[in-house]
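The structure under discussion appears below in the form of structure tokens.
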Amino acid sequence: MALSKKLRLLLFLASQLALLFLLLCAYRGEGEGGGQRERAQRVHVLVLSSWRSGSSFVGQLFSQHPDVFYLMEPAWHVWMTFTQSTAGTLHMAVRDLVRSIFLCDMDVFDAYLAPGPRAQSSLFQWAVSRALCSPPACGAFPRGAISSGSVCRPLCARQPFAAVREACRTYSHVVLKEVRFFDLRVLQPLLTDPALDLRLVHLVRDPRAVFRSREHTAGDLSIDSRIVLGPRGQQLRGEEQAYRAMQIICNSQRDILRAAQALPEALRRRYLLVRYEDLARTPLAQAGRMYEFAGLDFLPHLRTWVHNITRGQGLGQSAFQTNARDAVNVSQAWRWSLPFEKVSRLQEVCGDAMDLLGYLRVGSKQEQANLSLEVLSSENPWTKVSREG
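Taking full-length UniProt numbering, the leading residue of the sequence shown gets 1, the next gets one more, and so forth.
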């Protein structure tokens with residue numbers, strides 16, 4: 001009888017331990033699985049482009065969406081910390097920064113911001129992020145409204161830096177715009193990272209238009225241009241530096257497209273090529289295409305905003321400003337404002353990229369000035385690369 005009681009007691013204790021073990025496993029699995037589900041539900045979008053290619057506008061297309069947390073060119077902090085370095089040398093640091101921000105880990109900025117108390121205004125071009133002008137970061141604009149940097153700046157500049165992380169964690173999509181990647185292979189670990197659901201929007205623009213725009217903003221881009229050129233390029237004289245910088249940029253855009261085409265099929269679906277000129281001509285269609293790629297709804301108030309901001313007047317002179325412009329005129333401005341001698345030289349240094357991306361060359365001043373002559377191929381560059389590959 002005593003043995004029977006001891007046996008029953010042992011069996012009871014064993015059953016309780018087993019139950020406790022199962023509960024602990026279930027709790028642990030729910031916590032880990034829940035975290036994985038949370039990460040999987042958050043979509044990460046990297047707008048990959050170069051300076052003066054319309055990327056600020058594309059960034060705003062995402063930033064103004066109420067489901068998006070957006071930062072503009074966070075890698076600016078890396079480059080401005082290591083101004084004597086080169087683009088290739090800084091690639092890994094930029095990639096690590098981008099990954100951390102995608103996971104809403106803003107401690108990564110500790111290496112690049114001055115010590116001491118910080119505000120969200122410590123971030124480069126922070127006020128163009130609607131998320132940092134809306135609750136919970138700040139109350140300058142309702143979360144579903146179109147924000148304005150000029151209104152947000154004085155109202156939200158002193159918000160604590162911790163608000164950046166807090167805000168990031170409340171959004172389903174994190175979008176970053178970057179112009180400081182020159183090699184898609186650097187990003188491949190992020191494309192296969194299980195903690196990320198990364199999509200790449202690769203924005204390109206006619207090099208002739210990029211060159212014209214860079215000429216008007218050369219002072220703003222001087223440090224970036226020096227890093228792009230590297231020590232050897234900096235030894236070139238005068239305008240040769242500008243052409244060399246364009247050649248490096250053009251080659252990188254060409255190589256990114258080719259590298260994307262060489263990705264495994266599952267990763268190729270995470271890449272979207274957008275030409276600025278197509279966006280200028282059919283802004284609603286192209287914006288809808290990008291939203292669909294990112295898993296975002298194209299809301300009615302955003303349709304109205306896109307229509308209005310691409311039908312303004314003016315061509316835009318500031319390196320970091322997005323306002324209402326006539327998008328088609330902006331895309332064609334090089335044809336009446338850039339001397340043919342410069343156009344011809346650009347067509348030499350950027351010829352491979354132009355051919356691949358569907359930018360048609362002009363052979364004379366007359367062809368350049370003839371606006372009825374098409375300079376944009378209707379063939380999809382992605383299809384062209386696939387066929388040539």
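Glycine included, each C-beta is placed from N, C-alpha and C at the ideal position.
None of the values given here were measured: they were computed from a predicted structure.
> What is the C-beta distance between Q235 and V349, in whole angstroms, given that I count them as a contact (C-beta under 8 Å)?
Replying inline: The Cβ separation is near 17 Å, so there is no contact.
> How would you label L346, buried or exposed, when you count the other beta carbons within 10 angstroms and need 16 or more for buried?
Replying inline: buried
>> Counting beta carbon pairs with one atom in the segment 43 to 59 and one in the segment 168 to 181, are three or more of them shorter than 8 Å?
In response: yes
> Do L257 and L279 have their CB atoms nearer than 8 Å?
Replying inline: no
> What's the C-alpha gap between R99 and L190?
Replying inline: 7 Å
>> Within 10 Å of its beta-carbon, does W76 have 16 or more other beta-carbons around it, so buried, or fewer, so exposed?
In response: Taking all protein chains shown into account, W76 has 16 or more neighbouring C-beta atoms within 10 Å of its C-beta and is therefore buried.
>> Taking the alpha-carbon of V108 as reference, which of A119, A114 and D96 has the nearest alpha-carbon?
In response: D96
>> Let's see if you can read the secondary structure: which residues bound the alpha helix (DSSP H) around M354?
In response: Start and end: G351 to L357.
>> Please return the same chain residues whose Cβ sits closer than 6 Å to the Cβ of F182, not counting the five positions on each side in sequence.
In response: Result list for F182: A87 and S252, in chain order.
>> Report the CB separation of Y276 from S213 in whole angstroms; it is logged as a contact under 8 Å.
In response: The Cβ separation is near 11 Å, so there is no contact.
> Would you say the segment 194 to 207 touches the segment 133 to 147, given that touching needs at least three Cβ pairs under 8 Å?
Replying inline: No: the two stretches stay apart, fewer than three of their Cβ pairs being nearer than 8 Å.
>> Quick check: what's the CA-CA separation for D193 versus A266?
In response: 13 Å
> Could you give the residue range of the beta strand (DSSP E) that holds R361?
Replying inline: Looking at the DSSP string, R361 is not in any beta strand (DSSP E), and its letter there is neither H nor E.
> Taking C-beta to C-beta, are A167 and A131 nearer than 8 Å?
Replying inline: yes
>> Taking its Cβ as the centre, do 16 or more other Cβ atoms sit within 10 Å of S318, making it buried, or is it exposed?
In response: Confidence at S318 is low in this model, with a pLDDT of 42, below 50, so its placement is unreliable and no value can be given for it.
>> My parser needs the beta strand (DSSP E) runs of 3 or more residues fully inside the segment 112 to 183; what are they?
In response: 173 to 178
> Looking at the unbroken beta strand (DSSP E) that takes in R270, where does it start and where does it end?
Replying inline: R270 -> no beta strand (DSSP E), and no H or E assigned at all.
> If we count the other Cβ atoms within 10 Å of its Cβ and call it buried at 16 or more, is G59 buried or exposed?
Replying inline: buried
> Does DSSP classify L203 as helix, strand or coil?
Replying inline: strand
> Along the chain, which unbroken stretches of the beta strand (DSSP E) at least 3 residues long are found entirely within the segment 224 to 278?
Replying inline: 271 to 275
>> I need the straight-line Cα distance from residue 390 to D352, nearest angstrom please.
In response: With the chain running from 1 to 389 in the structure shown, residue 390 is simply not present.
> Secondary structure at R99, three-state DSSP: helix, strand or coil?
Replying inline: Three-state DSSP puts R99 in a helix.
>> For the alpha helix (DSSP H) containing F69, name the first residue and the last one.
In response: Element bounds for F69: not the alpha helix (DSSP H) but the beta strand (DSSP E), V68 to M72.
> Roughly how many angstroms separate the alpha carbons of V128 and L71, rounded to a whole number?
Replying inline: Those two C-alpha atoms are separated by around 8 Å.
>> Using the three-state DSSP reduction, which class does R303 fall into: helix, strand or coil?
In response: helix
> Which class does H44 belong to by DSSP, given the choice of helix, strand or coil?
Replying inline: strand
>> In this structure, how does DSSP classify R52 when only helix, strand and coil are distinguished?
In response: coil
> Which class does L196 belong to by DSSP, given the choice of helix, strand or coil?
Replying inline: coil
> Any idea what DSSP makes of L190, helix, strand or coil?
Replying inline: helix
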